[in-house]
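Asks: Per my numbering, the very first residue in the sequence shown carries number 15; after that it's consecutive. Glycine residues also receive a C-beta, built at the ideal position from the N, C-alpha and C atoms.
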Amino acid sequence: MFNLTDLQILNVAGNQLSGEIPGELPRSLRYFDLSSNLFSGDIPRDLSDASQLLLINLSYNQFSGEIPASLGRLQQLQYLWLAYNNLQGTLPSAIANCSSLVHLSALGL
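(1) Compute the beta-carbon to beta-carbon distance between P58 and A83, rounded to the nearest angstrom, for a pair I have assumed lies under 8 Å.
(2) Which residue's Cα is closest to the Cα of S78: G55, S65, I70?
(3) So, L67 versus W95, is the Cβ gap smaller than 9 Å?
(4) Among S65, G33, S49, which one has its Cα closest to the Cα of L43?
(5) Tell whether a beta-carbon distance below 9 Å holds between S50 and N75.
(6) What residues in its chain sit with their C-beta under 6 Å from that of L121, if we drop five residues either side in the sequence?
(7) So the candidates are Q92, L48, F53, P40; which of them puts its Cα closest to the Cα of I109?
(8) Give every residue of the same chain whose Cβ lies closer than 8 Å to the Cβ of Q90, excluding the five residues on either side of it in the sequence, and list them in chain order.
(9) Assuming L123 and L88 form a contact by the criterion Cβ under 8 Å, report the distance between their Cβ atoms to the nearest whole angstrom.
(10) By the DSSP assignment, the beta strand (DSSP E) with E80 in it spans what residues?
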């Protein structure tokens, strides 16, 4: 699926999908919504390679580990929703580098 090099919107919210998400996403991706599923594992550090991302919604899953500081490289990111997972630690200070960010949700950390 991730050989779709022109894919801009990936929305699979609310489907009870499970497993880990691959680290390599299309660089053209702008909207990435995996919310309300059963995804687990770490949030991939190379998610930030999809530098056109405007929205990341990983809320209401079972992700664990820490929030990757590499997300701070997403200069165009406007919405980052990570609430209600099994994430640990604190919000990385690098998130402050997301100069376009208008909504951050990390409830349940």
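Replies: A quick look at the data gives this:
(1) At roughly 13 Å, the Cβ-Cβ gap does not stay under 8 Å, so P58 and A83 are not in contact.
(2) G55
(3) no
(4) S65
(5) yes
(6) A97
(7) Q92
(8) S65, Q66, L67, L68, S114
(9) Not quite, the Cβ-Cβ distance comes to about 19 Å (not below 8 Å), so this is no contact.
(10) 76-80
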